[in-house]
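Note that the sequence shown covers residues -32 to -1, 1 to 300 in mature numbering (1 follows the signal peptide of the UniProt record, and there is no 0). Scroll down for the structure; my scribbles are underneath it.
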Amino acid sequence: MPSSRTDFVAQRRQALAVLAALAAVGSGLARAATLADRPINLVVPFAAGGGTDTVARLIGQKLQAALGGTVVIDNRPGANGLIAARAVAQAPADGHTLMFGSNSTHVIAALASKQSVVPGKTMQEAFTIVSVMANAPLVLAVRADSPAKDLRTFLQRAKANKLSYGSFGAGSSAHVMGEVLAESAGIELLHVPYKGSAPALTDLMGGQVDAVFLTVAAVEAMVTAGSVRPLAVTGLQRVRSLPAVPTFEELGVRDMGNAGWFAVFAPAGTPASVVNTLATALQAIAADTEVQTRMVALGLEPVVSTPAQALETWRRSLAAAAPIVRKANIVF
């Protein structure tokens, strides 16, 4: 029995606080449990059939099995990911609408787009990042018959004569890394944006551009066929699907250690319990042997991350890209 009224009041307050916390936990678990009750829309900012779509469908299939519900892939390409981002950011924050985004959609677009995803909000204010799923290194490649036999000779040629490179779009991660390469190596490069990797490769083979800066998955088949020569990859380690290709950092080119990445995002305000439920499932998916094998085959490096780790990756990428986007005047 309490020794005084003061002790009684303190204990009563503590008990009420515990009950309130238990109620909040129970409510959060109930919300998380409802994820299986209705379909989850996983919005993909690129067209069906591409590399990003392939990875999103793999993750969606596994997420569906993990949660015991239905996951629908919703392709909404266009406007550098803004169409998809706007649809997700404005959706109810209940875990039933997610976006399979990337550093292109949530870093470069966030810094370079004239339009905000939601009026009055930054990208970070409009979204909660759930989990980074994979790093996506880029590769600089030339035709097999190019006089640039390696990165050193490519840079030498670029210093003598301005060379061109194709990417999968203005404001893309490939565009930004091309600007970083030019700055770091002290050369001039002409950026030629395309609506996807396929037309860039077509023009590379036709001699309309000197090189391409694309994802590993986009060029891997042509590398295997011997029609394209990879010179170097971004990131801090070699890509498992192209182990003979050195990184730019290995070859002495600074500031090329940032690889692109793919992540799952939810609308801002999604309950922490729901975010954690999704993150736990996504971490298990990223660690799955089948998923890892298929990701590596697509030129990706699987990542297992918590929401906190994913947020740190997002913050670092924004800080690293901001001065590059400003200096190169990348605006769309």
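Even for Gly, the Cβ is constructed at its ideal location relative to N, Cα and C.
Since residue i and residue j are thought to touch, with beta carbons under 8 Å apart, how far apart are those beta carbons, to the nearest angstrom?
| i | j | result |
| --- | --- | --- |
| leucine 172 | arginine 111 | 6 Å |
| glutamine 260 | proline 270 | 5 Å |
| glycine 63 | threonine 238 | 6 Å |
| tryptophan 282 | isoleucine 27 | In fact, because the Cβ distance is near 18 Å, the residues do not count as touching under 8 Å. |
| alanine 142 | serine 135 | 4 Å |
| alanine 57 | valine 86 | 5 Å |
| alanine 249 | alanine 109 | The Cβ separation is near 36 Å, so there is no contact. |
| threonine 20 | phenylalanine 68 | 7 Å |
| serine 99 | alanine 255 | With a Cβ gap of about 11 Å, serine 99 and alanine 255 do not count as contacting. |
| leucine 131 | leucine 157 | 6 Å |
Compare the C-alpha of residue i against each of the options and name the closest.
| i | options | result |
| --- | --- | --- |
| asparagine 9 | Ile97, Leu31, Leu158 | Leu31 |
| alanine 150 | Ser140, Gly164, Tyr133, Arg262 | Tyr133 |
| glycine 146 | Gly175, Arg120, Pro115, Val107 | Val107 |
| threonine 183 | Ser195, Leu250, Ala168 | Ala168 |
| valine 75 | Thr274, Glu93, Pro60 | Glu93 |
| alanine 24 | Gly139, Lys117, Val12, Val177 | Val12 |
| serine 165 | Ala189, Gly137, Gly174, Leu157 | Gly137 |
| serine 273 | Val293, Ala289, Phe233 | Phe233 |
| proline 291 | Phe122, Phe14, Val144, Val180 | Val144 |
| valine 191 | Asp256, Asp113, Val242 | Asp113 |
| leucine 204 | Leu210, Pro211, Ala212, Glu218 | Glu218 |
| lysine 295 | Leu246, Ala179, Ser152 | Ser152 |
| histidine 159 | Gly174, Ala179, Gly175 | Ala179 |
| glutamate 188 | Pro7, Asp5, Gln251, Leu266 | Leu266 |
| alanine 240 | Pro214, Phe95, Gln176, Leu268 | Phe95 |
| serine 209 | Asn297, Arg262, Phe122 | Arg262 |
| arginine 6 | Gln29, Thr65, Phe300, Gly139 | Thr65 |
| alanine 77 | Val177, Gly46, Gly174, Ala4 | Gly46 |
| threonine 121 | Phe68, Val85, Asp256, Leu199 | Leu199 |
| alanine 4 | Thr73, Glu258, Glu280, Thr245 | Thr245 |
| phenylalanine 216 | Lys130, Leu131, Asp118 | Asp118 |
| leucine 279 | Phe300, Phe14, Ala247 | Ala247 |
| leucine 268 | Ile298, Gly220, Ala186, Ala212 | Ala186 |
| valine 264 | Pro211, Asn297, Ile41 | Pro211 |
Using the Cβ count rule (16 or more neighbours within 10 Å means buried), how would you classify residue i?
| i | result |
| --- | --- |
| leucine 286 | buried |
| proline 275 | buried |
| glycine 18 | buried |
| alanine 116 | buried |
| asparagine 71 | buried |
| glycine 194 | exposed |
| arginine 197 | buried |
| threonine 170 | exposed |
| glycine 36 | exposed |
| proline 235 | buried |
| asparagine 43 | buried |
| valine 39 | buried |
| glutamine 251 | buried |
| valine 242 | buried |
| glycine 174 | exposed |
| valine 207 | buried |
| valine 177 | buried |
| valine 148 | buried |
| threonine 90 | exposed |
| valine 201 | buried |
| threonine 257 | exposed |
| glycine -7 | Reliability fails at glycine -7, whose pLDDT of 39 lies under 50, so the model's placement of it is uncertain and the value that follows must be treated cautiously. By the neighbour-count rule (16 or more Cβ atoms within 10 Å), glycine -7 is not buried but exposed. |
| glycine 139 | buried |
| residue 341 | Summary: the structure shown does not reach residue 341, with the chain confined to residues -32 through 300, and so no result is reported for it. |
| glycine 220 | exposed |
| valine 299 | exposed |
| alanine 289 | buried |
Check: Taking the runs of the alpha helix (DSSP H) that are 4 residues or longer, which of them lie wholly in the segment 65 to 142?
Finding: 77 to 80, 91 to 94, 119 to 128
Checklist line | Segments assigned alpha helix (DSSP H), at least 4 residues, entirely inside the segment 178 to 223 | finding: 184 to 193
Checklist line | contact_flag[the segment 222 to 233, the segment 98 to 112] where n(CB pairs < 8 Å) is 3 or more | finding: Yes: at least three Cβ pairs fall under 8 Å.
Next item on the list: Spell out a yes or no on whether the segment 80 to 87 and the segment 44 to 53 are touching, meaning 3 or more CB-CB pairs, one atom from each, closer than 8 Å.
Entry: yes
Next item on the list: Output the residue ranges of the beta strand (DSSP E) runs that lie fully inside the segment 17 to 73 and measure 3 residues or longer, sorted by chain position.
Entry: Annotation note: the segment 17 to 73 contains the following uninterrupted beta strand (DSSP E) runs of length 3 or greater, listed N- to C-terminal: 39 to 43, 65 to 70.
Next item on the list: Return the chain-ordered ranges of every beta strand (DSSP E) run that is complete within the segment 221 to 285 and spans a minimum of 3 residues.
Entry: 228 to 235
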